[in-house]
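Below is one structure, written out as structure tokens; comments come after it.
Residue numbers (full-length UniProt numbering): 1 to 171.
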């Protein structure tokens, strides 16, 4: 009797295991084709493109903050602390003059009232590009003639990678 009971238990557990494996290997649903950006991910390439090589002192200094999805699926990221969060963002650029001095951030520091939720994420389609054009003169102390380098610095909130430096001058 005990042997028969063990035999039935073995069959029951074996079938349970097969059913669970089949449900895990089923065809992917629409929700599984989206990735949320993770730490040190290279799924989104960040680049900066200055709209001009040289700017007149006191005029807007505009750049394009370009995000490119390198994946063959949707990739979502948190826009906080980046120009992608158009309402408010904080000191996310490192700007240095020709002598290597850091240019001070003079804009308002963004504050966020709650944690990120899915409604706040920005999704970029496979191989897609998002471009945000911004004026950095209003948020950085760029009131001296000279040559400058700028780069975006990703952080633990948006999980975006750092950009390569871009160069511009003020005449």
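Where is the CB? At the ideal position from N, CA and C, for every residue including glycine. Since this is a predicted model, take the numbers as computed values, not measurements.
Same chain only: Cβ atoms within 6 angstroms of residue i, ignoring 5 sequence neighbours per side
i           : result
residue 101 : none
residue 173 : There is simply no residue 173 to check, as the chain begins at 1 and stops at 171 in what is shown.
residue 131 : 64 and 66
CB contact flag (residue i, residue j, <9 angstroms)
i           : j           : result
residue 78  : residue 153 : no
residue 61  : residue 145 : no
residue 82  : residue 160 : yes
residue 71  : residue 35  : yes
residue 158 : residue 105 : no
Beta-carbon proximity list for residue i, same chain, < 8 angstroms, skipping 5 on both sides
i           : result
residue 10  : Caution applies to residue 10, whose pLDDT of 40 falls short of 50 and renders its modelled position unreliable; the value that the coordinates give is listed next. Taken in chain order, the list of residues that qualify is empty.
residue 103 : 95, 96, 97, 140, 141, 142 and 148
residue 125 : 69 and 74
residue 44  : 37, 67, 68, 69, 70, 75, 77, 124, 160 and 161
residue 171 : 54, 55, 56, 57 and 145
residue 107 : 90, 91, 138, 139 and 140
residue 51  : 62, 63, 64 and 133
Nearest candidate by alpha-carbon position, reference residue i, set the options
i           : options             : result
residue 166 : 43, 53 and 36       : 53
residue 168 : 72, 56, 86 and 133  : 56
residue 84  : 50, 134, 43 and 109 : 134
residue 110 : 156, 50, 86 and 42  : 86
Exposure of residue i, with buried meaning 16 or more beta-carbon neighbours within 10 Å
i           : result
residue 59  : exposed
residue 90  : buried
residue 150 : buried
Which ranges would you report for the beta strand (DSSP E) in the stretch 136 to 161 if only whole runs of at least 3 residues count?
List check, beta strand (DSSP E) in window: 146 to 152.
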